[in-house]
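Take 10 as the starting number for the sequence shown in my numbering and just add one per residue. By construction, the Cβ of each residue, glycine as well, lies at the ideal position given by its N, Cα and C atoms. What follows is a set of notes on a single structure, which appears directly below.
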Amino acid sequence: MTLDFYTNPMSRGQIARWALEETGAPYNEHIISYGPEMKGEAYLAINPMGKVPALKHNGAVVTEAAAICAYLASAFPQSGLAPSAEESADYHRWMFFAAGPMESAISFHSAGFKPTKEQTATFGFGSYEMILDVVKEKLSRDSYACGERFAMADVYLGSQIGFGTQFGTLPKEDVFTAYIERLANRDAFKKAKARDAALIAEMQASKSD
């Protein structure tokens, strides 16, 4: 078994690294720099979009952070991160809600785009305000995406909320803060964040030399 992880610490690769650490599976780390390397022929052969993260598992490539999360949960069932039959509906709903309408709404809002009433009716995410209300209601009712048990869906949903509250694209609502605190207490979360923080520090140090 070979598991190769292509990332840059200042990217959504942080999501995939956390997912990898949750599985406990050993992996090879490949740091891809922005610019010529990420857009170069060698890396484009792995991800034609020229973006990170990407995962190669026994020769098969998976891209897109949410897909990597879902794939890892299935590929490493012993980690207990995949849903039970009873959890499957919530798991898939919130994983892909976070990857689809939620991320779209946050991106549009961050860019200063506010849809008209007519556009709200046709856009898959409705509106930024609607997204906030839906997620707040969910996390006011349940501790995690699948209820009271952590699953891989929380890696993606939690990352969206964590990044959003950190960078100001989501409000620091109490319900969001409490959810992030629960996730941040996980050993895999701490390990993943520490590794990316160390890499970022190395990059910044090299620029100042």
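Check your understanding: Leaving out the 5 sequence neighbours to the left and right, which residues in its chain are closer than 8 Å to P124 when beta-carbon positions are compared?
Key -> Locating residue 124 in the sequence shown gives position 115, where the first residue counts as 1. Counting only Cβ-Cβ distances below 8 Å, and skipping sequence neighbours, we find F117, F132 and S136.
**Study point:** Cβ-based neighbour list, K48, same chain, cut-off 8 Å, excluding 5 preceding and 5 following
**Key:** Indexing the sequence shown from 1 puts residue 48 at position 39. G59.
**Study point:** Residues of its chain near Y188, where Cβ-Cβ distance is below 7 Å and the 5 sequence neighbours each way are ignored
**Key:** Translated into positions along the sequence shown, residue 188 becomes position 179. L148, G167 and I170.
**Study point:** For S257, the nearest candidate out of M161, T11, E30 and F106 (CA to CA)
**Key:** With the chain running from 10 to 218 in the structure shown, residue 257 is simply not present.
Review point. With I24 and V164 assumed to form a contact (beta carbons below 8 Å), what rounded beta-carbon distance in angstroms separates them?
Key: Here residue 24 corresponds to residue number 15 of the sequence shown, with the count starting at 1. Here residue 164 corresponds to residue number 155 of the sequence shown, with the count starting at 1. With 8 Å as the limit, I24 and V164 qualify as a contact, their Cβ atoms being about 6 Å apart.
Review point. Near Y100, what residues of its chain come up, given a Cβ to Cβ distance below 7 Å and the 5 sequence neighbours on each side ignored?
Key: Counted from its first residue, the sequence shown places residue 100 at position 91. Hits under 7 Å: P92, A154, C155, A160 and A162.
Check your understanding: Between the Cα of K126 and the Cα atoms of L208, K65 and M139, which residue gives the shortest distance?
Key -> The residue you call residue 126 lines up with position 117 of the sequence shown. The option with the nearest alpha carbon to K126 is M139.
Review point. Are the segment 30 to 49 and the segment 15 to 22 in contact at 8 Å, needing three or more beta carbon pairs?
Key: yes
Review point. In chain order, what residues of the same chain lie with their CB nearer than 7 Å to the CB of E112, ignoring the 5 residues before and after it?
Key: Translated into the one-based positions of the sequence shown, residue 112 becomes position 103. So the qualifying residues of the chain are Q169.
Practice item. For A108, collect the residues of the same chain with a Cβ closer than 7 Å to its Cβ; drop the 5 residues on either side in sequence, then sort them by chain order. Key: Translated into the one-based positions of the sequence shown, residue 108 becomes position 99. So the qualifying residues of the chain are A75 and Y165.
**Study point:** Residues bridged to N37 [DSSP beta-bridge criterion]
**Key:** Mapped onto the sequence shown, residue 37 falls at position 28. Per DSSP, D13.
Review point. Just how far apart, CA to CA, sit I77 and K65?
Key: Here residue 77 corresponds to residue number 68 of the sequence shown, with the count starting at 1. Here residue 65 corresponds to residue number 56 of the sequence shown, with the count starting at 1. C-alpha separation (whole angstroms): 10 Å.
Exercise for review: Quick one: grab the DSSP three-state call for V71.
Suggested key: Residue mapping note: residue 71 aligns to position 62 of the sequence shown, counting from 1. Strand at V71.
Practice item. Please confirm whether P57 and T16 have their CB atoms less than 8 Å apart. Key: Reading the sequence shown from its first residue, position 48 is the one you call residue 57. Reading the sequence shown from its first residue, position 7 is the one you call residue 16. Cβ distance not < 8 Å, so P57 and T16 don't count as in contact.
**Study point:** Residue span of the beta strand (DSSP E) that contains L64, given as start and end
**Key:** As a first step, residue 64 must be located in the sequence shown, where it is residue number 55. Residues A63 to H66.
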